[in-house]
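In this note's numbering, the protein residues as written are 29 to 324.
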Amino acid sequence: MSGELLAVEGVTKTYSMGGLFGHGAFHAVDNVSFTLDVGRPEIFTIVGESGSGKTTLSRMILNLEPPSAGTIRFRGEDVTRARGARMRMAFMGAMQPIFQNPFEAFNPLKQLDRYLLMTARRFRDARRRADAEAFADEALRKVGLSYAEIKGRFPHELSGGQLQRVAIARALIPGPSLLVADEPVSMVDASLRMAIVNLFKTLRDDLKVSIIYITHDLATAYYISDRIIIMQRGKVVEGGPARAVLDSPQHPYSILLKSSVLSPDATIEGAFGQSRTSADPAGIEAGPIYRSGQQT
Ligand code: ADP
Ligand code: MG
């Protein structure tokens, strides 16, 4: 099958500024365009420092906010026109979000299996409990967990990494064709990040799910991305095949971004080459300068 899975065309989000600094408008996202194809699952990465507009863009893709200008089509339909319960359910099932903080994604007083069963009932029409449990178990196994491990557990009983896996499992239950993951590993312990990042690769390859991976971490971006766009102040300054872009960035901002992850004595190969492609959490952790207080 071919055609467009997602088409982002000239998308802009304008916020008005008022108060102390006078009046005016500023573009949190400024004329962004890209397309993902059906039948070519890929990890499409949006990289940029804090405040560059990544979350705003992802929220528009997920139809959580309308664009100020431009259009976003998902499977040929304008996402802002998904009207009516049926169409909205179909849309939500096919495009699932993964958020930064898994502890915020789940109510601390609610057992995790209840989320999974509810999702199976809503999206897979699982009427009987055994059917819902089977869907939950199937999804959990795709992320390296099982229903037996999760049953009766509360969010705080799991590590951030495990909980993010449960969030990913929940997102898989409806059988999505696109995951939109906004900084999905930045709250996860460095030692567990690569496992989650690797999981995205497996989902792409085995389930044929496309993933929009939003990050400020160039090291994981280099490791898993097929294509990448680099955003600065709402604009895409550079984009293309991930390795080509990151091996020889052209735009001054991309060059700066890349040089910022290099320690003074590091070689380019050392920063992005083989040593990083081993599951080396220390290498990943040593990556971007953006760690310092710029989590969004
Ligand atoms: P990122 O996710 O890349 O850190 P965001 O999309 O969160 O960036 O933010 C981009 C810019 O838009 C920032 O300057 C942020 O302060 C601003 N912004 C985000 N949401 C709003 C809003 N609801 N109202 C006004 N400004 C916003
Ligand atoms: Mg953000």
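Built from N, CA and C at the ideal position, the CB exists for glycine as well. Since we're looking at a predicted model, the values are computed, not measured.
No Cβ-Cβ contact shorter than 8 angstroms links Leu137 with Ala164.
When rounded, the separation of the alpha-carbon atoms in Gly76 and Glu211 is 11 angstroms. The shortest C-alpha to C-alpha distance from Phe102 to any of Leu191, Glu166, Ala158 and Val208 is the one to Val208. Pairing His279 with Tyr241, the inter-Cα distance amounts to about 21 angstroms. Apart from the 5 residues on each side of it in sequence, Met117 sits with its Cβ closer than 8 angstroms to the Cβ of Arg150 and Phe151 in its chain, given in chain order.
Exclusion of Lys170 from the 7 angstroms shell around the ligand MG follows from its C-beta lying no nearer than that to any non-hydrogen atom of the ligand. Minimum Cα-Cα distance from Arg87 among the listed residues Leu186, Arg114, Val237 and Val107 corresponds to Val107.
Proximity of the beta carbon of Gly31 to the ligand ADP is not indicated: no heavy atom of the ligand is located closer than 7 angstroms.
The stretch 257–267 makes contact with the stretch 54–61, as at least three CB pairs between them are under 8 angstroms.
For Asp233, the number of other beta carbons within 10 angstroms of its own is below 16, and it is reported as exposed. In this structure, DSSP gives Val107 a helical state, which the three-state scheme calls helix. The beta carbon of Gly79 sits closer than 7 angstroms to at least one heavy atom of the ligand ADP.
Secondary structure at Asn226: helix, using DSSP grouped into helix, strand and coil. Secondary structure of Ser44 (DSSP, three-state): strand.
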